[in-house]
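Undergrad: The structure is given below, and queries will be raised subsequently.
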Amino acid sequence: MVKWTDFERATIQDIFSKIDYEVVGPAAFSRCLIVYPWTQRYFGGFGNLYNAAAITSNPKVAAHGKVVIVGLEKAVKNMDDIKTTYKDLSVLHSEKLQVDPDNFNLLADCLTVVVAGQMGAAFTPEVHAAFQKFLAVVVASLRKQYY
Amino acid sequence: MVEWTDAERKAITTLWGMIDVGEIGPQALTRLLVVYPWTQRHFGSFGNLSTYAAIVGNAKVANHGKTVMGGLETAVKNLDNIKNAYAKLSAMHSDKLHVDPDNFRTLAECISVVVAAKFGPSVFTPGFQEAWQKFLAVVVSALGRQYH
């Protein structure tokens, strides 16, 4: 089981209470599609993803970005058992969506960049380390049911 | 050879013009040592790295952060030939310093996070992020090139 220090728990709760899901989810997801363009392959049904402007204004991208960040909330609320919390989601991503799990790290990177941009100086190295650890646990849990 | 669009060149040189290597460099290296603690193994001679406060206050870390960040200038000035520009530095990191090249990618990530935190999303737009991360990816690749 993952061990969290009090600081780490408090930091994760704090970050997620402060960020605006409507902004951060879509921003992180659209950055992923822009900065790592091969990830667009999973979203053929989303319409125009031709350039950065199209992606950032695409309503399906925004909606899906929000779905993803709301999905992260489950981990925030179940920090002591993220692995079990994400069991079904992991199976879904493996068997139905067939997403290469390396992409989870890319999205986690974009999320870190967006949160850093929002928090500025408040995103200290210590806060960054806690956030990174949290995302690493989420990514590992999403990978867990792959075979 | 790497192909840069005009927009990417502009983004990279714009960001570079805004970056103070003495400010961003130390922050990026500090984050590397804090967020990815195994990287501390390369800096045994830097003195006290045993706590978060120690790393943040360590003058050798700050100095070295500045050196590393300043080294990026070579790439900015040689966008069309980064591989050759870093050939010697790559050989040094491989033969003399014995740095695992995965760490270059990790440091590049830390640099991007610091830049994002410093300038916010109105400057570090998705387009700028794409160009900047592509730039760093090319640098990372060039630094790993002479490894054997």
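The listed protein sequences derive, respectively, from chains A and B. In terms of the UniProt record's numbering, the first sequence opens at residue 1 and continues consecutively. In terms of the UniProt record's numbering, the second sequence opens at residue 1 and continues consecutively. Beta carbons: idealized from backbone N, C-alpha and C, even for Gly.
How about the stretch 103-117 of chain B and the stretch 20-28 of chain B: do they share at least three Cβ pairs that are nearer than 8 angstroms?
TA: Cβ pair count under 8 angstroms is three or more, so yes.
Undergrad: Chain B partners of P26 (chain A), CB-CB under 9 angstroms?
TA: Ordered by position in chain B, no residue passes the 9 angstroms Cβ test against P26 (chain A), which lies about 11 angstroms from the chain.
Undergrad: Contact defined as beta carbons within less than 8 angstroms: I believe Y42 (chain A) pairs with V99 (chain A). What is the distance between those atoms, to the nearest angstrom?
TA: About 6 angstroms; that satisfies the 8 angstroms criterion.
Undergrad: Determine which residues of the stretch 24-58 of chain A have a Cβ less than 8 angstroms from any Cβ of chain B, and write them out in chain order.
TA: Listed by position, the residues of the stretch 24-58 of chain A near chain B (Cβ gap below 8 angstroms) are A27, S30, R31, I34, V35, A52, I55 and T56.
Undergrad: What are the complete alpha helix (DSSP H) segments, minimum 4 residues, inside the UniProt domain "Globin" (3-148) of chain B?
TA: With a minimum length of 4 residues, the continuous alpha helix (DSSP H) runs that stay inside the UniProt domain "Globin" (3-148) of chain B are 6-18, 21-35, 52-57, 59-77, 82-85, 87-91, 102-123 and 126-144.
Undergrad: Candidates B:E8, B:W4 and B:R145: which alpha carbon is nearest N84 (chain B)'s?
TA: That would be B:R145, whose Cα lies nearest to the Cα of N84 (chain B).
Undergrad: Is any beta-carbon of chain B found at less than 9 angstroms from that of D20 (chain A)?
TA: With 9 angstroms as the cut-off, D20 (chain A) does not count as an interface residue toward chain B.
Undergrad: Hey, is S141 (chain B)'s beta-carbon within less than 9 angstroms of any beta-carbon in chain A?
TA: No, no contact with chain A.
Undergrad: Just to confirm my understanding: we take F46 (chain B), look at its own chain, exclude 5 residues before and 5 after, and list those with CB closer than 7 angstroms. What are they?
TA: Only N58, K60 and V61 meet the Cβ criterion.
Undergrad: Can you check whether the C-beta of V114 (chain B) is within less than 9 angstroms of a C-beta belonging to chain A?
TA: Interface residue, yes.
Undergrad: Does any residue of chain A have a CB that is nearer than 9 angstroms to the CB of P126 (chain B)?
TA: Output row for P126 (chain B): interface = yes.
Undergrad: Starting from the C-beta of V35 (chain B), find all residues in its chain whose C-beta is less than 8 angstroms away, skip the five residues before and the five after it, and write them out in chain order.
TA: Once the five neighbours on either side are set aside, the close Cβ partners of V35 (chain B) are C110.
Undergrad: Measuring alpha carbon to alpha carbon, tell me which of B:T125, B:L97 and B:E3 ends up nearest residue 161 (chain B).
TA: The displayed coordinates of chain B run from 1 to 148. Any statement about residue 161 (chain B) would go beyond what the structure contains.
Undergrad: Can a CB atom of chain B be found closer than 9 angstroms to the CB of F104 (chain A)?
TA: No - not a single Cβ of chain B is within 9 angstroms of the one on F104 (chain A).
Undergrad: Enumerate, from N- to C-terminal direction, the unbroken alpha helix (DSSP H) stretches of 4 or more residues contained entirely within the UniProt domain "Globin" (3-147) of chain A.
TA: Complete alpha helix (DSSP H) runs here, min 4: 6-18, 21-35, 52-57, 59-77, 82-85, 87-91, 102-119 and 125-143.
Undergrad: Listed in chain order, which residues of the stretch 5-32 of chain B have Cβ atoms closer than 7 angstroms to some Cβ of chain A?
TA: Cβ contacts with chain A come from T30 and R31.
Undergrad: Within the 9 angstroms Cβ cut-off, does V56 (chain B) reach chain A?
TA: Yes, contact with chain A.
Undergrad: According to the Cβ coordinates, are Q132 (chain A) and G120 (chain B) closer than 9 angstroms?
TA: Going by C-beta atoms, Q132 (chain A) is not nearer than 9 angstroms to G120 (chain B).
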